[in-house]
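*Asks:*
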């Protein structure tokens, strides 16, 4: 994951990281970090799923303009 983020940065691409708990070793490596502070893996995954749907809707709305 860190190598992929570094490669994206080298290519001047924007990155988004979906993180849980304290963000782990990936925290600080992406342009945008969506961090769900919870110790429950299920809650983190549910929140990430919701965030991904919201992000997709925003992209679709922008593409349909």
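Residue numbers (our numbering): 1355 to 1419.
Backbone N, C-alpha and C fix where the C-beta goes; we use that ideal spot for every residue, glycine too.
Since this is a predicted model, take the numbers as computed values, not measurements.
Is the stretch 1389 to 1399 in contact with the stretch 1408 to 1417, if contact means three or more CB pairs nearer than 8 Å?
*Replies:* Output reads no: the stretch 1408 to 1417 does not touch the stretch 1389 to 1399.
*Asks:* Could you check what DSSP says for residue 1389 in three-state terms: helix, strand or coil?
*Replies:* Within the chain shown, numbered from 1, the residue matching residue 1389 stands at position 35. Reduced to three states, the DSSP call for residue 1389 is strand.
*Asks:* Compute the beta-carbon to beta-carbon distance between residue 1405 and residue 1372, rounded to the nearest angstrom, for a pair I have assumed lies under 8 Å.
*Replies:* In the chain shown, the residue the question calls residue 1405 occupies position 51. In the chain shown, the residue the question calls residue 1372 occupies position 18. Yes, they are in contact, since the Cβ atoms of residue 1405 and residue 1372 sit about 7 Å apart, within 8 Å.
*Asks:* Run through DSSP, which three-state label would residue 1371 get?
*Replies:* Locating residue 1371 in the chain shown gives position 17, where the first residue counts as 1. Residue 1371: strand per DSSP, three-state reduction.
*Asks:* Three-state secondary structure (DSSP) at residue 1397?
*Replies:* Here residue 1397 refers to the residue found at position 43 of the chain shown. Helix.
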